[in-house]
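Structure, as structure tokens:
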Amino acid sequence: MATKVFMEALSPTMEEGRLVKWLKNEGDAVKTGEPIAEVETDKAIMELVARGDGILRKRLVNEGDSRPVGDLVGVIAGADENIDALVAGAASASAKASEPTAKPQPGAQTPTPVAAPPAAPSAPPPVRAPAAAAPPAPVAGGNGGQVRSSPLARRLASDRGLDLTQVQGTGPGGRIIKRDIESVAAVPAAAARIVPARPTIAGDFEDVALTQIRKTIAKRLSESIGPIPTFYLTAEFDLERVTEMRAAMLELGDEYKVSINDILMKAVATALAEHPEVNAHWLGDRIRMHRRVHLGMAVATADGLIVPVIFDADQKRMSEISREARELAKRARERKLKPEEYTGSTFSISNLGMFGIDQFTAIINPPEVAILAIGAAHDVVVPQDDGFVSRKRVRVTMSCDHRAVDGAVGAAFLQTLRRLVENPLMLVY
Amino acid sequence: MPVITYRDALNQALSEEMHRDDRVFLMGEEVAVYQGAYKVSKGLLQEFGEMRVVDTPITELGFAGVGVGAAMVGLRPIIEFMTWNFAVLALDQVLNSAAKLLYMSGGQFNIPIVFRGPNGAALQLSAQHSQAFESWLAYVPGIKVVTPGTPYDAKGLLKSAIRDDNPVCFLEGEMLYNTKGEVPEEEYLIPLGKADLKREGEHCSIITNGKMALLAMQAADQLAKDGINVDVVDLRTVRPMDVDAIKTSVEKTNRAVVLEEGWEICGIGTQVVDYIQRECFDHLDAPVIRIHQADVPMPYAKNLERAAKPDIPKTIAAVRKVMYLD
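The listed protein sequences derive, respectively, from chains A and B. Take the first sequence: its position 260, counted from the start at 1, is 261 in my numbering, and no numbers get skipped. Take the second sequence: its position 313, counted from the start at 1, is 321 in my numbering, and no numbers get skipped.
Structure, rendered in structure tokens:
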């Protein structure tokens with residue numbers, strides 16, 4: 002039985018991929034799960050794996066060429082199996098696909114649009130919240146067995162690789178309609194994608210219906226200042242104790258070395274666990290307050306900004322955060338991140354301290370409702386008793402989406418954060 | 009650009025085409041001496057004489073048949089029915105003669121004839137005189153059915169209908185004769201079978217024809233006040249129907265309301281909805297809703313007549329429903 006090799010959606014937003022390199026030659030034996038090619042998506046270089054056992058009989062794409070998601074790029078089959086029809090079908094299907102008015106082709110020639118693949122077999126088991134002893138089956142959107150959806154919604158979901166059972170319908174009788182797909186598509190959360198890397202567990206978040214005052218605030222402020230009415234809160238934290246702690250840890254040996262940024266990340270994650278109202282997503286008609294803290298960290302790469310995610314950051318020790326942050330940043334720069342590693346964050350931070358920036362404002366990564374911009378640690382002369390002392394300080398600026406977060410709410414989060422940063426022993430409590 | 013009535017636009021079209029081609033003549037009840045029951049033929053008797061502007065007895069079947077015979081031998085008759093309600097009597101000539109002769113003569117006889125007159129309901133003319141016939145006529149292969157909704161369309165489409173070598177049923181609106189609109193002084197033609205996007209919007213398509221185009225535009229104005237912008241697709245010709253225009257609009261807006269003057273069962277809207285489900289299935293975000301006359305003979309009582317007809321509130325409610333706003 003022949004297995005078709007399709008260009009798969011290897012990132013949530015991928016529409017086509019460039020086949021960088023074939024890892025197998027025609028005639029090579031391949032096994033299910035074995036990488037057969039490297040594909041450059043819009044975000045990273047990913048491995049395309051075999052979905053069946055056999056011989057890689059035909060490579061239909063040259064290295065360096067791009068193909069839309071869903072196109073046949075190769076055929077795996079038995080050594081003597083006749084694959085002429087499959088290969089011919091690929092040629093006609095791709096000719097059709099190149100016509101501007103081409104419609105989705107039903108039937109065998111073209112697959113149902115391919116969703117992102119399951120995690121490679123060698124990948125470690127998905128990370129889950131420690132408390133999640135419940136079965137990890139994805140929770141459907143409350144539609145029971147049959148998913149009701151408009152034809153347009155089905156097409157959009159298929160185009161975007163969304164699983165309709167993961168979408169909550171707001172039409173009559175729970176019908177999933179265009180706006181539901183659009184509100185999910187705005188949430189690149191694990192819950193919205195087929196990739197079951199981090200299945201949504203019931204209770205991971207709480208959806209809060211918008212109160213009338215919330216709706217009015219959202220509407221009025223959006224009219225005033227763009228679609229995300231942002232305001233900024235700046236605070237200066239004393240880093241003296243953080244510096245002391247870091248120095249003390251370093252004295253214990255290199256294995257205890259953490260950066261100030263690692264400590265700040267740990268502090269942010271801990272504070273977020275106490276403030277779900279800023280650890281949230283704005284979904285248009287409701288606010289999703291997350292109970293798990295998935296901390297996005299902006300990383301500059303040669304290709305541009307990417308935001309890998311430290312999942313369940315509040316549950317991790319400082320050393321784990323430090324190691325993971327270093328590892329993610331390294332792989333981000335090498336463009337080796339997997340899609341599930343840079344989607345699903347519930348809050349993000351951006352640090353330009355290493356560039357000597359004292360203070361700046363970061364742009365919210367929707368649908369998140371806030372982001373924290375961290376400046377450089379610097380020495381400040383401050384009055385003490387009758388004289389002055391020099392203190393290590395850092396300025397942070399929180400950008401808040403006013404539709405979801407009011408000034409006092411953002412300020413309360415910064416207050417908690419200050420308490421943790423200025424008393425870092427609380428972080429190891 | 010001059011602003012003239014729908015009535016005068018039709019009058020100009022008749023006069024221009026009679027000047028252009030002396031095979032064209034007008035025949036019907038009260039078209040000559042009385043100048044037309046609705047004054048559409050005003051001045052034509054004086055201009056073209058009684059050989060080309062011919063009063064008939066009250067014999068719809070008879071003069072429709074004379075028209076078909078004249079068309080068979082090379083003339084280009086325009087047959088005026090005082091209303092399409094009266095033309096029911098003449099439908100044998102329209103459906104069985106005019107529509108069939110090209111086919112049954114093996115292509116020997118073109119029938120270049122226009123049957124025209126007011127269609128649909130006016131005000132309190134009761135059950136027998138308030139019927140919209142476009143779906144009856146459009147049902148039959150071999151005839152074209154045109155339903156202009158504005159003075160501009162009325163003139164351009166009537167001129168094209170007169171020049172067409174096939175039978176054309178031209179359905180005017182009694183309530184439209186006094187409506188005004190811009191009509192250019194220079195000559196123009198509007199091809200049969202082409203819809204007109206009378207208004208552009210991204211939220212919903214209102215697909216309509218004839219008199220209902222006016223109603224759709226008024227509903228669109230009110231919807232715009234709530235920030236809802238609709239496409240108004242005026243089919244203008246219901247046979248042949250401009251499927252591409254329907255498709256383009258629905259694929260853009262993902263939802264449609266079909267508005268027609270006549271009854272629900274086997275109405276024009278059924279055909280529009282059929283095209284939409286076939287051509288635009290994967291683009292639909294909501295079931296298509298139809299607005300039409302209530303499924304009863306038109307009541308005489310003013311309040312009941314109003315309730316039976318399509319209107320602006322019904323249209324607005326339908327648009328909001330397909331947008332999932334209510």
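Where a beta carbon is used, it is the ideal one built from N, C-alpha and C, also for glycine.
Checklist entry - Helix or strand or just coil, what does DSSP make of Val11/B? => result For the purposes of this step, residue 11/B is taken as residue 3 along the second sequence, with counting starting at 1. Correct three-state label for Val11/B: strand.
Item to check | Beta carbon proximity, Asn217/B to chain A, threshold 7 Å | outcome: Walking along the second sequence from the start, residue 217/B turns up at place 209. Not one chain A Cβ lies under 7 Å of Asn217/B.
Next on the checklist: Can you pull out the residues from the region 252-282 of chain B whose beta carbon lies closer than 8 Å to at least one beta carbon of chain A?
Outcome noted: Asn262
Checklist entry - Would you report the Cα separation of Leu145/B and Leu166/B, rounded to the nearest angstrom? => result Here residue 145/B refers to the residue found at position 137 of the second sequence. Here residue 166/B refers to the residue found at position 158 of the second sequence. Roughly 17 Å separates the two Cα atoms.
Item to check | Beta carbon of Arg31/B nearer than 7 Å to that of Arg84/B | outcome: Mapped onto the second sequence, residue 31/B falls at position 23. Mapped onto the second sequence, residue 84/B falls at position 76. Yes, the Cβ-Cβ distance between Arg31/B and Arg84/B is below 7 Å.
Next on the checklist: Run through the DSSP bridge pairs and tell me what Val40/A is partnered with.
Outcome noted: Residue 40/A sits at position 39 when you count from the first residue of the first sequence. Leu20/A and Met47/A.
Next on the checklist: Alpha carbons only, please: which of Ala371/A, Arg336/A and Val410/A is nearest the one belonging to Ile350/A?
Outcome noted: Walking along the first sequence from the start, residue 350/A turns up at place 349. Per the Cα distances, Ala371/A.
Next on the checklist: Here's a check: name, in chain order, each residue in its chain whose Cβ is nearer than 8 Å to the Cβ of Thr302/A, leaving out the five neighbours to either side.
Outcome noted: Here residue 302/A corresponds to residue number 301 of the first sequence, with the count starting at 1. Same-chain partners within the cutoff: Ala333, Arg334 and Arg336.
Next on the checklist: Within 8 Å, do at least three Cβ pairs link the region 171-182 of chain A to the region 268-278 of chain A?
Outcome noted: no
Next on the checklist: Taking 7 Å as the limit between beta carbons, can you name the residues of its chain near Thr362/A, skipping five residues before and five after?
Outcome noted: Residue mapping note: residue 362/A aligns to position 361 of the first sequence, counting from 1. Cβ neighbours of Thr362/A beyond the five flanking positions: Tyr233, Ala374, Thr398 and Ser400.
Next on the checklist: Check whether the region 304-320 of chain B and the region 129-143 of chain B are in contact - that is, three or more C-beta pairs closer than 8 Å.
Outcome noted: yes
Checklist entry - Cβ of Ser151/A less than 7 Å from any chain B Cβ? => result On the first sequence, position 150 is the one that residue 151/A refers to. Yes, Ser151/A lies at the interface with chain B (some Cβ there is under 7 Å from its Cβ).
Checklist entry - For the beta strand (DSSP E) that contains Leu205/B, what are its first and last residues? => result In the second sequence, the residue the question calls residue 205/B occupies position 197. Unbroken beta strand (DSSP E) run through Leu205/B: Asp204 to Arg207.
Next on the checklist: Using a Cβ-Cβ cutoff of less than 6 Å, which residues in the same chain neighbour Asp182/B once the five nearest sequence positions on both sides are dropped?
Outcome noted: For this step, residue 182/B is matched to residue 174 along the second sequence. Inspection of the sequence shows that residue 182/B is occupied by Glu rather than by Asp. So the qualifying residues of the chain are Pro126 and Ala130.
Next on the checklist: Using a Cβ-Cβ distance cut-off of 7 Å, determine whether Asp239/B contacts chain A.
Outcome noted: The residue labelled residue 239/B in the question sits at position 231 within the second sequence. False, the Cβ-Cβ gap to chain A never drops below 7 Å.
Checklist entry - In three-state terms, what does DSSP make of Ala35/B? => result By one-based count along the second sequence, residue 35/B stands at place 27. Correcting the residue type first, residue 35/B is Met in the shown sequence and not Ala. Three-state DSSP puts Met35/B in a strand.
Checklist entry - Do you know whose CA, among Glu256/A, Ser323/A and Leu20/A, lies nearest Ala268/A's CA? => result Here residue 268/A refers to the residue found at position 267 when the first sequence is read from its first residue. Out of Glu256/A, Ser323/A and Leu20/A, Ser323/A has the C-alpha closest to the C-alpha of Ala268/A.
Checklist entry - Going straight from the alpha carbon of Ile276/B to that of Leu267/B, what length do you get? => result On the second sequence, position 268 is the one that residue 276/B refers to. On the second sequence, position 259 is the one that residue 267/B refers to. If I take the Cα positions, the gap works out to 9 Å.
Checklist entry - Which whole runs of the beta strand (DSSP E) in the region 233-258 of chain A are 3 residues long or more, in chain order? => result none
Checklist entry - Does the beta-carbon distance from Ala210/A to Ile178/A come in below 7 Å? => result Here residue 210/A refers to the residue found at position 209 of the first sequence. Here residue 178/A refers to the residue found at position 177 of the first sequence. Contact flag unset, no.
Checklist entry - For the candidate residues Ala38/A, Ala45/A and Glu341/A, whose alpha-carbon lies nearest to that of Ile77/A? => result Against the first sequence, residue 77/A aligns to sequence position 76. Checking every option, the nearest Cα to that of Ile77/A belongs to Ala38/A.
Checklist entry - the region 123-148 of chain B: which residues have C-beta closer than 9 Å to a C-beta of chain A, in chain order? => result none
Next on the checklist: If the criterion is Cβ atoms closer than 7 Å, does the pair Lys258/A and Leu265/A meet it?
Outcome noted: The residue labelled residue 258/A in the question sits at position 257 within the first sequence. The residue labelled residue 265/A in the question sits at position 264 within the first sequence. Not in contact: Lys258/A and Leu265/A (Cβ atoms no closer than 7 Å).
Checklist entry - What residues in its chain sit with their C-beta under 7 Å from that of Ile15/A, if we drop five residues either side in the sequence? => result Position 14 of the first sequence, counting from 1, holds the residue named residue 15/A. Checking the sequence, you will find Met at residue 15/A rather than Ile. Hits under 7 Å: Thr42, Asp43 and Val70.
Checklist entry - Given Tyr46/B, which residues of its chain have a CB within under 6 Å of its CB, disregarding the five upstream and five downstream residues? => result Within the second sequence, numbered from 1, the residue matching residue 46/B stands at position 38. Around Tyr46/B: Tyr185.
Next on the checklist: Buried or exposed, going by whether 16 or more other CB atoms sit within 10 Å of the CB of Glu193/B?
Outcome noted: As a working note, residue 193/B is residue 185 in the second sequence. Glu193/B is exposed by the Cβ-count criterion.
Checklist entry - Lys260/B to Arg221/A, Cα distance in whole Å? => result For this step, residue 260/B is matched to residue 252 along the second sequence. For this step, residue 221/A is matched to residue 220 along the first sequence. Going from the Cα of Lys260/B to the Cα of Arg221/A covers about 29 Å.
Checklist entry - For Ala378/A, which of Ile261/A, Asp402/A and Leu157/A has the nearest alpha-carbon? => result In the first sequence, residue 378/A corresponds to position 377, counting from 1. Among Ile261/A, Asp402/A and Leu157/A, the Cα nearest to that of Ala378/A belongs to Ile261/A.
Item to check | Alpha-carbon to alpha-carbon, Ser223/A and Trp92/B | outcome: Counting from one through the second sequence, the residue named residue 92/B turns up at place 84. Counting from one through the first sequence, the residue named residue 223/A turns up at place 222. Taking the straight line from one Cα to the other gives about 55 Å.
Checklist entry - Could one say the Cβ of His211/B lies closer than 7 Å to chain A's Cβ atoms, at least one of them? => result Taking the first residue of the second sequence as position 1, residue 211/B is located at position 203. Answer no: the Cβ-Cβ gap between His211/B and chain A never drops below 7 Å.
Next on the checklist: Taking CB distances under 7 Å as the criterion, tell me whether Val70/A reaches chain B.
Outcome noted: By 1-based counting over the first sequence, the position of residue 70/A is 69. Closer than 7 Å: no.
Item to check | Three-state secondary structure assigned by DSSP to His403/A | outcome: Here residue 403/A refers to the residue found at position 402 of the first sequence. If DSSP states are grouped into helix, strand and coil, His403/A belongs with coil.
Next on the checklist: Closer than 8 Å between beta carbons: that is the criterion. Which residues of the region 160-175 of chain A meet it against chain B?
Outcome noted: Thr171, Gly172 and Pro173
Item to check | Interface flag, Lys179/A vs chain B, CB-CB below 7 Å | outcome: Position 178 of the first sequence, counted from the start, is the residue given in the question as residue 179/A. With 7 Å as the cut-off, Lys179/A counts as an interface residue toward chain B.
Checklist entry - What number of angstroms, rounded off, separates the C-alpha of Glu207/A from the C-alpha of Asn352/A? => result For this step, residue 207/A is matched to residue 206 along the first sequence. For this step, residue 352/A is matched to residue 351 along the first sequence. Those two C-alpha atoms are separated by around 29 Å.
Checklist entry - If we cut at 7 Å on Cβ distances, does Arg156/A have a partner in chain B? => result Stepping through the first sequence from its first residue, residue 156/A is reached at position 155. So, interface residue.
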